[in-house]
Amino acid sequence: MSYRKLEQRLSAIIDSGQVDTLSRSRIGLEKESLRAAESGSISQTPHPQSLGSPLTNPYITTDFSEAMMEMITPPCDSIEQAMAFLNDLQVYVYSSLREEILWATSMPCVVESGDSIPIAQYGDSNAGLMKTVYRRGLGYRYGRTMQVIAGVHFNYSFADEFWTLYQGIEKDRRQARTFISDRYMCLIRNILRYGWLIPYLFGASPAVCKSFLHGKPSILSTFNENTVYEPNATSLRMGDIGYTNNKESMAGIKANYDSIDAYIESLRCAIDTPFEEYEKIGVKVDGYYRQLNANILQIENEYYSTVRPKVVLLDNEKPTNALEQRGIEYIEIRSIDVNAFDPLGINEEQLRFLEVFVLFCLLQESPVLSADEINEIDINLVQVAHLGREPDITLSRDNGSVELKQWAGELLDAMHGVAELLDDAHECDAYSRSLGSQNECVLDPSRTTSARMLNEMRQHKEGFFHFARRMSLQHLDYFNSLRLSNERERHFEQAAKDSIESQHQIEAENTIDFDEFLRRYFAQ
Numbered sequence: 125m126s127y128r129k130l131e132q133r134l135s136a137i138i139d140s141g142q143v144d145t146l147s148r149s150r151i152g153l154e155k156e157s158l159r160a161a162e163s164g165s166i167s168q169t170p171h172p173q174s175l176g177s178p179l180t181n182p183y184i185t186t187d188f189s190e191a192m193m194e195m196i197t198p199p200c201d202s203i204e205q206a207m208a209f210l211n212d213l214q215v216y217v218y219s220s221l222r223e224e225i226l227w228a229t230s231m232p233c234v235v236e237s238g239d240s241i242p243i244a245q246y247g248d249s250n251a252g253l254m255k256t257v258y259r260r261g262l263g264y265r266y267g268r269t270m271q272v273i274a275g276v277h278f279n280y281s282f283a284d285e286f287w288t289l290y291q292g293i294e295k296d297r298r299q300a301r302t303f304i305s306d307r308y309m310c311l312i313r314n315i316l317r318y319g320w321l322i323p324y325l326f327g328a329s330p331a332v333c334k335s336f337l338h339g340k341p342s343i344l345s346t347f348n349e350n351t352v353y354e355p356n357a358t359s360l361r362m363g364d365i366g367y368t369n370n371k372e373s374m375a376g377i378k379a380n381y382d383s384i385d386a387y388i389e390s391l392r393c394a395i396d397t398p399f400e401e402y403e404k405i406g407v408k409v410d411g412y413y414r415q416l417n418a419n420i421l422q423i424e425n426e427y428y429s430t431v432r433p434k435v436v437l438l439d440n441e442k443p444t445n446a447l448e449q450r451g452i453e454y455i456e457i458r459s460i461d462v463n464a465f466d467p468l469g470i471n472e473e474q475l476r477f478l479e480v481f482v483l484f485c486l487l488q489e490s491p492v493l494s495a496d497e498i499n500e501i502d503i504n505l506v507q508v509a510h511l512g513r514e515p516d517i518t519l520s521r522d523n524g525s526v527e528l529k530q531w532a533g534e535l536l537d538a539m540h541g542v543a544e545l546l547d548d549a550h551e552c553d554a555y556s557r558s559l560g561s562q563n564e565c566v567l568d569p570s571r572t573t574s575a576r577m578l579n580e581m582r583q584h585k586e587g588f589f590h591f592a593r594r595m596s597l598q599h600l601d602y603f604n605s606l607r608l609s610n611e612r613e614r615h616f617e618q619a620a621k622d623s624i625e626s627q628h629q630i631e632a633e634n635t636i637d638f639d640e641f642l643r644r645y646f647a648q
């Protein structure tokens, strides 16, 4: 594998004297957490009204379930700012919870049955009903239990000044928006290529409560009477038992990452193509919507990927239309497990590495993905998810095999210059130190988060449920010991109040029935 182009680009950025443009990137975090009773069962109570409307609150919403909290930071100027905002959000959320905890892991707490998982509700507006029906459709298509697996999403965008510098280095004379979207797609292809590194290093779901399987047979081994696991797993969330596009091979649809136009077209094709298996479910049955449509994808967000190109949406705008009209504004990495060892679910060292990884993926050569390479990407992700810490494990590369330890070592070595560049931009050594820590995890798999988790369970003679509940209660104590500044508290309270008013306004503006609303939405 050649890193010549990477080294040339690094040198050009250094020689430009504008390394500081890399310090102006924007970072956002989204953390999903299940609300659970202190006993450890999924909450059956509605989303707390004091937190505002999940339809319109920009910071606190719900994901698939009414019990699945999602906390969202705005784009921040630094990792420290993003972490501080996420921390304050969780302090604020805990102030509204009564005899409940936020579950500390990606894999869920005790789930009695799929039917016991309450689907998120967003009020009486057409926009709110569309969000609920979409989730209802996910439940019919994939099962509700799969939808309550939590994660942390890392949102990242480079500053306009950096893009101007980089376009000049590349001697590219296209319109800026075209260049930026093109290079974000290059970055995304490389995240797909090398993305198995993230579950290897940060995977935190090597075990799961037996209740998650609902008595179905599985490839997993028994850890104890209430836990199944794989001895060398890193992230079962990203493996065969997690939420993936398991209908892809049957439906014949795969997102195309060759270009932004190809990506948009592939998703539009999936949204417009009927799928026999989903037609059997029915769309509107006895006046009740089971799903938005019976096509391969109901909407763009149904396509599960470890990374997505993103653009800020306006009102009820379709994501593919927004991408086509305004280009890619940022990327979202979705393969990060919730880290039970940190109350925030993620820590600074992880975020420093992710920033190194993103810049590496931008600067490294990124040819389009062949059919063989796409197949290798899928194989490698599942291999690492289930067997990542196995001694001498091999991955697929260039129609051959390579030891994970060798490939990971090569990639981390190639990232040294990237980490040093970010150290210079931020006037610190935190990026190089994080890279060094990840290298230690490659050399010694017992240092990975997944290995630490299993070791902790063994030391405490506890299964997954008891480990996760113990960590959740520790996090409860941590956040309850903190106090928000008056300014931050007023900010969150105002956002909650404004969101309720916004929801009422949206509901008051309903002038058409839901059938017509959907027709107009999909006709955009």
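Residue numbers (the numbering used here): 125 to 648.
For glycine and all other residues, C-beta sits at the position ideal for the given N, C-alpha and C.
These figures come from a predicted structure and were not determined experimentally.
Proximal residues to residue i (C-beta, below 6 angstroms), its chain only, five neighbours per side dropped
{"i": "F641", "result": "N250"}
{"i": "Y602", "result": "P467"}
{"i": "I470", "result": "V276, N463"}
{"i": "Q488", "result": "L130, N314"}
{"i": "Q648", "result": "K442, N445"}
{"i": "R133", "result": "L487"}
{"i": "W287", "result": "I304"}
Residue interval of the alpha helix (DSSP H) (run including residue i)
{"i": "C310", "result": "300-318"}
{"i": "F646", "result": "638-646"}
{"i": "T288", "result": "284-293"}
{"i": "E403", "result": "400-403"}
{"i": "K155", "result": "First-last for K155: 150-161, but that is the beta strand (DSSP E), not the alpha helix (DSSP H)."}
{"i": "V257", "result": "250-266"}
{"i": "I215", "result": "A small fix is needed here, since residue 215 is Val in this sequence, not Ile. Unbroken alpha helix (DSSP H) run through V215: 203-220."}
{"i": "C393", "result": "384-396"}
{"i": "L226", "result": "Where L226 is concerned, there is no enclosing alpha helix (DSSP H), although the beta strand (DSSP E) it sits in stretches over 224-226."}
{"i": "I377", "result": "Taken as a continuous stretch (DSSP letters only), I377 belongs to no alpha helix (DSSP H), as it is neither H nor E."}
{"i": "E472", "result": "472-487"}
{"i": "E580", "result": "573-583"}
{"i": "F603", "result": "588-604"}
{"i": "P323", "result": "321-326"}
Spatial distance of residue i from residue j (CA atoms)
{"i": "E448", "j": "C552", "result": "38 angstroms"}
{"i": "Q173", "j": "E131", "result": "53 angstroms"}
{"i": "E223", "j": "T229", "result": "19 angstroms"}
{"i": "Y127", "j": "H540", "result": "12 angstroms"}
{"i": "G587", "j": "E441", "result": "45 angstroms"}
{"i": "C393", "j": "F646", "result": "13 angstroms"}
{"i": "E479", "j": "E544", "result": "12 angstroms"}
{"i": "E285", "j": "A206", "result": "21 angstroms"}
{"i": "W120", "j": "S609", "result": "Residue numbering for the chain in the displayed model covers 125 to 648; residue 120 lies beyond these limits and cannot be assessed."}
{"i": "P199", "j": "N211", "result": "15 angstroms"}
{"i": "D201", "j": "Y387", "result": "29 angstroms"}
{"i": "P515", "j": "A357", "result": "12 angstroms"}
{"i": "T197", "j": "Y183", "result": "6 angstroms"}
{"i": "H171", "j": "L567", "result": "44 angstroms"}
Those residues which DSSP pairs with residue i across a bridge
{"i": "K434", "result": "Y454"}
{"i": "G524", "result": "R521"}
{"i": "Y412", "result": "V409"}
{"i": "T346", "result": "V352"}
{"i": "Y280", "result": "I151, I455"}
{"i": "V234", "result": "S165"}
Residue span of the beta strand (DSSP E) that contains residue i, given as start and end
{"i": "A549", "result": "Counting along the chain, A549 falls outside any beta strand (DSSP E), though it belongs to the alpha helix (DSSP H) covering 540-550."}
{"i": "I184", "result": "184-186"}
{"i": "A619", "result": "From DSSP, A619 is part of no beta strand (DSSP E) but of the alpha helix (DSSP H) over 610-632."}
{"i": "I365", "result": "First-last for I365: undefined, no H or E at that position."}
{"i": "A331", "result": "331-333"}
{"i": "I196", "result": "192-196"}
Contacts around residue i, its chain only, beta-carbon distance under 8 angstroms, and the 5 residues preceding and following it disregarded
{"i": "R260", "result": "I243, Y413, R414, Q415"}
{"i": "V436", "result": "A446, E453"}
{"i": "L289", "result": "I137, S140, Q142, T145"}
{"i": "N370", "result": "Reliability of the predicted coordinates at N370 is poor, the pLDDT of 49 falling under 50, and the value obtained from them is presented with this limitation in mind. Closer than 8 angstroms at the Cβ level, and outside the excluded window around N370, lie Y266."}
{"i": "R159", "result": "I166, S167, T169, A191, M192, M193, L221, E224, I225, L226, W227"}
{"i": "L311", "result": "I455, V482, C485, L486, S490"}
{"i": "V431", "result": "I312, I315, L316, G319, I455, E456, I457, R458, S459"}
Neighbourhood of residue i by C-beta distance below 7 angstroms, restricted to the same chain and skipping five residues each side
{"i": "Y258", "result": "L416, Q422, I423"}
Neighbour flag for residue i against chain C, beta carbons, 8 angstroms
{"i": "G267", "result": "The structure shown contains no chain C, having only a single protein chain."}
_When you compare the region 128-147 with the region 583-591, are there three or more beta-carbon pairs, one atom per stretch, that lie closer than 8 angstroms?_
In short, these stretches do not touch, since the Cβ pair count stays below three.
*asked:* Does the region 293-309 come into contact with the region 332-349, if we say contact requires no fewer than three beta-carbon pairs (one atom in each stretch) closer than 8 angstroms?
replied: Short answer: they don't touch.
_Would the region 527-535 count as touching the region 333-350 if we require 3 or more Cβ pairs under 8 angstroms?_
Touching, no.
*Determine, using beta-carbon pairs with one atom in the region 151-170 and one in the region 610-623, whether at least three such pairs fall under 8 angstroms.*
Because the criterion of three Cβ pairs below 8 angstroms is not met, the region 151-170 and the region 610-623 do not touch.
*Segment contact, 8 angstroms Cβ cut-off, at least three pairs: the region 471-491 with the region 276-289*: Yes, they touch.
*Does the count of Cβ pairs from the region 388-405 and the region 622-631 closer than 8 angstroms reach three?*
In short, these stretches do not touch, since the Cβ pair count stays below three.
*Are the region 317-324 and the region 493-509 in contact at 8 angstroms, needing three or more beta carbon pairs?*
Yes, they touch.
*Counting Cβ pairs, one atom from each stretch, are 3 or more of them under 8 angstroms apart for the region 420-427 and the region 395-404?*
By the Cβ test, the region 420-427 is in contact with the region 395-404, since at least three Cβ pairs between them sit closer than 8 angstroms.
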